[in-house]
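Protein sequence lines correspond, in order, to chains A and B. Under this note's numbering, the first residue of the first sequence is numbered 23, with each subsequent residue one higher. Under this note's numbering, the first residue of the second sequence is numbered 5, with each subsequent residue one higher.
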Amino acid sequence: MPASPDINQFKEIALRYGIAPTPESVVRLTQLIARQHCCVDEIVRVIEQEPGLSARLLRVANPRASDESEYTVGTVDEALMRNGIGCALLLAMGTPLSLALIKTFQTMLSLKLESVDVHQLDALEGEHMRCSIGFSGKVAGHVYLRMSSKVARAIAAGILGLDAAELGNEEVRDAAGELLNIMTGNFKSNLCDAGLDCKLRPPKVGTTDDVSTPVEPGGGLERLAFRTGDLQIFVEVTANPWSD
Amino acid sequence: MAIKILSVDDSRTIRLIVGKAFRPYDVTLLEAANGEEGLAVAAREKPELIFLDVTMPVMDGVTMLTKLKEDPALKAIPVIMLTAESGRENVLQIARLGVRDYLVKPFKEEQIVEKAGRCVTLEKRPVATPA
Numbered sequence: 023m024p025a026s027p028d029i030n031q032f033k034e035i036a037l038r039y040g041i042a043p044t045p046e047s048v049v050r051l052t053q054l055i056a057r058q059h060c061c062v063d064e065i066v067r068v069i070e071q072e073p074g075l076s077a078r079l080l081r082v083a084n085p086r087a088s089d090e091s092e093y094t095v096g097t098v099d100e101a102l103m104r105n106g107i108g109c110a111l112l113l114a115m116g117t118p119l120s121l122a123l124i125k126t127f128q129t130m131l132s133l134k135l136e137s138v139d140v141h142q143l144d145a146l147e148g149e150h151m152r153c154s155i156g157f158s159g160k161v162a163g164h165v166y167l168r169m170s171s172k173v174a175r176a177i178a179a180g181i182l183g184l185d186a187a188e189l190g191n192e193e194v195r196d197a198a199g200e201l202l203n204i205m206t207g208n209f210k211s212n213l214c215d216a217g218l219d220c221k222l223r224p225p226k227v228g229t230t231d232d233v234s235t236p237v238e239p240g241g242g243l244e245r246l247a248f249r250t251g252d253l254q255i256f257v258e259v260t261a262n263p264w265s266d
Numbered sequence: 005m006a007i008k009i010l011s012v013d014d015s016r017t018i019r020l021i022v023g024k025a026f027r028p029y030d031v032t033l034l035e036a037a038n039g040e041e042g043l044a045v046a047a048r049e050k051p052e053l054i055f056l057d058v059t060m061p062v063m064d065g066v067t068m069l070t071k072l073k074e075d076p077a078l079k080a081i082p083v084i085m086l087t088a089e090s091g092r093e094n095v096l097q098i099a100r101l102g103v104r105d106y107l108v109k110p111f112k113e114e115q116i117v118e119k120a121g122r123c124v125t126l127e128k129r130p131v132a133t134p135a
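Shown next, in the form of structure tokens:
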């Protein structure tokens, strides 16, 4: 089927401005899952073509296993039966969200951020910084970014090229909010490109000692963790792809 | 004479980074935190270039760009979008309204200067001579 004039025009503009298009696998998977009554076999085929996504889905489907040899759920098909297809969307969307965060660290802080299993990091305890952005439309949910106040200060200092001690609390909060903005802007673009039009709400940034995350009604929760040196960052996405 | 560049972004962090990028150049940085403020500053100061975010409170970047292009006194000011949103519909809508360039966040300071250098002539800031 030939591409629509809009898609061709977008490709030309994206090339001119140096804009990276949404990965095809994310678009395809999101479109399939958004249909709700879609063919599971098709979803399985798309996921199986993405080794990273397959591995993460199997990891989530085997929460007690310490490595692959202990997996009781061994195929993508079984994993989808166990976790539901909404889980596949969260995992698929987690990939560009992770890439956006890693790229932001590389580009703005010259730091190589590593994506790790959430259990490999020390859990956040006590008061910490929590930034959240809600989105609503054909898909509804929230993205949360959590880190210790010390890490938030170090990140703000790195982004602004200033000494951490020079920064006021407002500058630290604004930098953390912008970090989340950059990640979710990318996330929202991917959802919209896949036909799940949604709008972002303004970010909320503050400190909390509550580590629980409210899950979107009818949706699921994906937890991502990252580290570079002794900096640890946690990202949570909760979304319901059939909210309308 | 210093070139006037307007940064319209609700994030102070981004406005600080834009300001830092142009510090070595003979540039006066003007700032606005939303589209409404941005239009007011643009009308008053007539900047040579505008960096514009999309998602902002009060008035978003697409609305500001639309109003800018409707105003005969302001429509020729080159605009570079500086945003994390690169979705197809957004980019097409913005491109149709008319922008000089599009820079997707995250970005390096050098990229801002490079993109600006394609729209205006940037000259190094004169070195202050001791009294």
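The beta-carbon is built from N, C-alpha and C at its ideal position, and this holds for glycine as well.
Given that residue i touches chain B, what residues does it touch there, using C-beta distances under 7 angstroms?
{"i": "A:Y39", "result": "D105, Y106"}
{"i": "A:A197", "result": "T17"}
{"i": "A:L222", "result": "T59"}
{"i": "A:G183", "result": "K24"}
In three-state DSSP terms, what is residue i?
{"i": "A:L201", "result": "helix"}
{"i": "A:T301", "result": "Here chain A has residues from 23 to 266 only, and residue 301 of chain A is not among them."}
{"i": "B:L78", "result": "coil"}
{"i": "A:A162", "result": "strand"}
{"i": "A:V48", "result": "helix"}
{"i": "A:D252", "result": "coil"}
{"i": "A:M23", "result": "Caution is warranted here: a pLDDT of 49 is assigned to A:M23, below 50, making its placement in the model unreliable, and no coordinate value can be reported."}
{"i": "B:F26", "result": "coil"}
{"i": "B:D105", "result": "strand"}
{"i": "B:A47", "result": "helix"}
{"i": "B:T59", "result": "coil"}
{"i": "A:K134", "result": "coil"}
{"i": "A:D219", "result": "coil"}
{"i": "A:I155", "result": "strand"}
Does the Cβ-Cβ distance between residue i and residue j come in under 9 angstroms?
{"i": "A:D215", "j": "B:G65", "result": "no"}
{"i": "A:S120", "j": "A:V257", "result": "yes"}
{"i": "B:L86", "j": "B:F55", "result": "yes"}
{"i": "A:G228", "j": "A:M151", "result": "yes"}
{"i": "A:A247", "j": "A:L112", "result": "no"}
{"i": "A:V165", "j": "A:V259", "result": "yes"}
{"i": "B:V22", "j": "B:L69", "result": "no"}
{"i": "B:A25", "j": "B:I116", "result": "yes"}
{"i": "A:I69", "j": "A:V98", "result": "yes"}
{"i": "A:I41", "j": "B:Y106", "result": "yes"}
Output, in chain order, the set of chain A residues within a Cβ distance shorter than 7 angstroms of residue i.
{"i": "B:I18", "result": "E200"}
{"i": "B:T67", "result": "Ordered by position in chain A, no residue passes the 7 angstroms Cβ test against B:T67, which lies about 14 angstroms from the chain."}
By the DSSP assignment, the beta strand (DSSP E) with residue i in it spans what residues?
{"i": "B:K128", "result": "No beta strand (DSSP E) contains B:K128, which DSSP labels as neither H nor E."}
{"i": "B:V83", "result": "83 to 87"}
{"i": "A:A87", "result": "It is not in any beta strand (DSSP E) - A:A87 carries neither H nor E in the DSSP assignment."}
{"i": "B:V31", "result": "31 to 36"}
{"i": "A:G228", "result": "226 to 230"}
{"i": "A:E238", "result": "Note, A:E238: premise wrong, no beta strand (DSSP E); not H, not E."}
So which residues on chain A does residue i lean against when the C-beta distance must stay under 8 angstroms?
{"i": "B:K73", "result": "The premise fails here: B:K73 is roughly 17 angstroms from chain A at the closest Cβ pair, so nothing lies under 8 angstroms."}
{"i": "B:R48", "result": "Result: empty, since nearest Cβ-Cβ is about 25 angstroms, beyond 8 angstroms."}
Tell me, please, whether the CB atom of residue i is closer than 9 angstroms to any CB atom in chain B?
{"i": "A:M23", "result": "For A:M23, the pLDDT reaches just 49, beneath the cut-off of 50, and the residue's location in the model is therefore unreliable, although a value from the coordinates is still provided. Closer than 9 angstroms: no."}
{"i": "A:T126", "result": "yes"}
{"i": "A:G180", "result": "no"}
{"i": "A:T117", "result": "no"}
{"i": "A:I204", "result": "yes"}
{"i": "A:E258", "result": "no"}
{"i": "A:A122", "result": "yes"}
{"i": "A:G228", "result": "no"}
Which bits of chain B does residue i rub up against, with CB to CB less than 8 angstroms?
{"i": "A:T129", "result": "P110, F111, K112"}
{"i": "A:D28", "result": "R92, L96"}
Answer with yes or no whether the minimum CB distance from residue i to chain A is below 9 angstroms.
{"i": "B:T87", "result": "yes"}
{"i": "B:V124", "result": "no"}
{"i": "B:I21", "result": "yes"}
{"i": "B:S15", "result": "yes"}
{"i": "B:T32", "result": "no"}
{"i": "B:T59", "result": "yes"}
{"i": "B:A99", "result": "yes"}
{"i": "B:K219", "result": "As shown, chain B starts at 5 and ends at 135. That puts residue 219 of chain B outside it, with no answer to give."}
Since residue i is in the alpha helix (DSSP H), which residue starts that stretch and which ends it?
{"i": "B:N94", "result": "92 to 101"}
{"i": "A:S171", "result": "171 to 182"}
{"i": "B:Q115", "result": "113 to 121"}
{"i": "A:L75", "result": "73 to 83"}
{"i": "A:V62", "result": "62 to 70"}
List the residues of chain A whose Cβ lies closer than 9 angstroms to the Cβ of residue i, in chain order.
{"i": "B:V95", "result": "F32, I35, A36, Y39, I41, S211"}
{"i": "B:R129", "result": "Near B:R129 there are no residues of chain A at all, since even the closest Cβ is about 18 angstroms away, more than 9 angstroms."}
{"i": "B:S11", "result": "By Cβ distance, chain A contributes nothing, its closest Cβ being about 13 angstroms from B:S11, past 9 angstroms."}
Report the neighbours of residue i on chain B: residues whose CB is nearer than 9 angstroms to its CB, in chain order.
{"i": "A:C61", "result": "Here the premise fails: no neighbours, minimum Cβ distance about 25 angstroms."}
{"i": "A:C214", "result": "E89, G91, R92, E93, N94"}
{"i": "A:N191", "result": "Correct list: empty, because the minimum Cβ distance to chain B is about 13 angstroms."}
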